[in-house]
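Undergrad: Have a look at the structure that comes next, please.
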Amino acid sequence: MLTEVLPPSEETINKAAEILQNGGLIGLPTETVYGLGCDARNAQACLSVFAAKGRPADNPLIVHISNLSMLSDIVSEIPSKAKILMDAFWPGPLTIIMPKCDKIPKEATANLDTVAVRFPVHPVAMAIIEKAGLPVAAPSANLSGRPSTTTAEHVFRDLNGKIPLIVDGGACQVGLESTVVDATKENIVLLRPGGITREMLEEALGEPVALGKGVMEPLKDGEKALSPGLLHKHYAPKAEVKVILGEESKRCAFIREEAKNCARPCVLCMEQNRENFEGIPVLSAGNTPEEYAHNLFAALRQADDLGYTQVFAEGLDLSGVGLAVMNRVERAAGFHVITL
Ligand code: TXA
Ligand code: MG
56 MLTEVLPPSE
66 ETINKAAEIL
76 QNGGLIGLPT
86 ETVYGLGCDA
96 RNAQACLSVF
106 AAKGRPADNP
116 LIVHISNLSM
126 LSDIVSEIPS
136 KAKILMDAFW
146 PGPLTIIMPK
156 CDKIPKEATA
166 NLDTVAVRFP
176 VHPVAMAIIE
186 KAGLPVAAPS
196 ANLSGRPSTT
206 TAEHVFRDLN
216 GKIPLIVDGG
226 ACQVGLESTV
236 VDATKENIVL
246 LRPGGITREM
256 LEEALGEPVA
266 LGKGVMEPLK
276 DGEKALSPGL
286 LHKHYAPKAE
296 VKVILGEESK
306 RCAFIREEAK
316 NCARPCVLCM
326 EQNRENFEGI
336 PVLSAGNTPE
346 EYAHNLFAAL
356 RQADDLGYTQ
366 VFAEGLDLSG
376 VGLAVMNRVE
386 RAAGFHVITL
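Counting from 1, position 297 in the sequence shown corresponds to residue 352 in the working numbering; the numbering is continuous, with no gaps.
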């Protein structure tokens, strides 16, 4: 199959909508990462998303909407705390898990009776969903296990030949996948931190929000994941990643020493620390935690492109978007975290 990469003109959006209506797959930009979209009501189309990504069958898809009236064909109930979060953060990078209704096939939700719903704020994503007039099931548009895709070129590299169309909306603003919360219990539980931070959720709800088990630490053998995605190895480049936490001077000294024993090391660090790593190639995490989020997946892919075998990633503290950055980079490192 020939994979076209096209700018988001009206013609492209019509084409994308038509492909979705006919049960096909497209790559589409969102404000978080690129998605691999299909008609969420079409069981066969959902199965082909799993096949294209090589996604484990037990990992459910997120269903994307472009207006609130679509919800009645997706969920059987809107819990009151879910409603508060929708009012505060939709459209935007927040995914809410609610009880599913029958029109969404079990192929979309990996047999769960709950469904994850997201209302993206990206104008191209909104236009495609609106034009197609159907809920779009879309996981991140990467091969399973690889870093998520934040540019159309990344999508092309992972999925060339497997899908007919990638709509190029430029680089994704947030750079990490949406925040995922479970709204099916009495209290909201945070299952995947993202651009909508834990602090923002707590402020909107007026109460503390618990982190799901397994979100910031590896699950122990036999422990059941609240979100199937937590079970799988994620975001990993081919290079070996280690996360280094602790006081800055110790961290820098440790990395400089370790790098001497590596064939092709590099450092992923904040711009202001670049000067501490003379002689070691630097992948820039930017100047702020938000920029680290925006740059992380592209940097991990770049490490492979440039042939580095070892990435020493600077850690952040867990406030604000730092929690999301650490959630992804620790998984990319297979939880290989060194605290000095
Ligand atoms: O930002 C995003 O959310 C992107 C863009 C494309 O919208 N999508 C995305 O999808 O990141 P994906 O499939 O890569 O991640 C979906 C996560 C997985 O960890 C999955 O296990 C979890 O959401 N999930 C989906 N449905 C669930 C459910 N019913 N219960 C628990 N977890 C669920
Ligand atoms: Mg993903």
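Even for Gly, the Cβ is constructed at its ideal location relative to N, Cα and C.
For residue 68, does the three-state DSSP call read helix, strand or coil?
TA: In this structure, residue 68 counts as helix in the three-state DSSP scheme.
Undergrad: When you compare only the Cα positions, how much space is there between residue 180 and residue 83?
TA: Approximately 6 Å, taken between the alpha carbons.
Undergrad: What's the C-alpha gap between residue 98 and residue 321?
TA: Distance between the alpha carbons of residue 98 and residue 321: 43 Å.
Undergrad: Could you give the DSSP three-state label for residue 369: helix, strand or coil?
TA: Of the three classes helix, strand and coil, the one that applies to residue 369 here is strand, per DSSP.
Undergrad: What first and last residue would you give for the alpha helix (DSSP H) that runs through residue 140?
TA: Its alpha helix (DSSP H) spans residues 135-144.
Undergrad: According to DSSP, residue 265 sits in a beta bridge with which residue or residues?
TA: BP columns for residue 265 point to 244.
Undergrad: Report all residues from its chain with a CB closer than 8 Å to the CB of residue 130; omit the five preceding and five following residues, and keep chain order.
TA: 153, 154, 155, 156, 170 and 172.
Undergrad: Can you tell me whether residue 147 is helix, strand or coil according to DSSP?
TA: Correct three-state label for residue 147: coil.
Undergrad: Where residue 270 and residue 382 are concerned, what is the direct C-alpha to C-alpha distance, given to the nearest angstrom?
TA: Each residue's Cα considered, the two are about 7 Å apart.
Undergrad: Hey, residue 260 and residue 136: beta-carbon distance below 9 Å or not?
TA: Yes, the Cβ-Cβ distance between residue 260 and residue 136 is below 9 Å.
Undergrad: Helix, strand or coil for residue 359? Go by DSSP, reduced to three states.
TA: Three-state result, residue 359: helix.
Undergrad: Report all residues from its chain with a CB closer than 6 Å to the CB of residue 90; omit the five preceding and five following residues, and keep chain order.
TA: Cβ within range, chain order: 83, 193 and 196.
Undergrad: What does residue 117 pair with, by DSSP beta-bridge criteria?
TA: Residue 117 pairs with 171.
Undergrad: Using a Cβ-Cβ cutoff of less than 6 Å, which residues in the same chain neighbour residue 182 once the five nearest sequence positions on both sides are dropped?
TA: Same-chain partners within the cutoff: 68.
Undergrad: Just to confirm, does residue 363 get its C-beta within under 8 Å of one of the non-hydrogen atoms of the ligand TXA?
TA: The answer is no for residue 363.
Undergrad: Would you say the stretch 285-297 touches the stretch 365-373, given that touching needs at least three Cβ pairs under 8 Å?
TA: The stretch 285-297 is in contact with the stretch 365-373.
Undergrad: Could you tell me the boundaries of the alpha helix (DSSP H) in which residue 208 lies?
TA: From DSSP, the alpha helix (DSSP H) with residue 208 extends over 207-214.
Undergrad: Name the one or two DSSP bridge partners that residue 221 has.
TA: DSSP, once it has assigned bridges, lists 60 and 82 as partnering residue 221.
Undergrad: Leaving out five residues on either side along the sequence, give the residues of the same chain with a beta carbon under 7 Å from the beta carbon of residue 60.
TA: Closer than 7 Å at the Cβ level, and outside the excluded window around residue 60, lie 207, 211, 221 and 223.
Undergrad: Between which two residues does the alpha helix (DSSP H) carrying residue 377 extend?
TA: 377-387 is the span of the alpha helix (DSSP H), which, as asked, contains residue 377.
Undergrad: Between residue 75 and residue 189, is the Cβ-Cβ spacing less than 9 Å?
TA: Cβ atoms of residue 75 and residue 189: closer than 9 Å.
Undergrad: Measure the C-alpha to C-alpha separation of residue 149 and residue 177 and round it to an integer number of angstroms.
TA: Roughly 13 Å between the two C-alpha positions.
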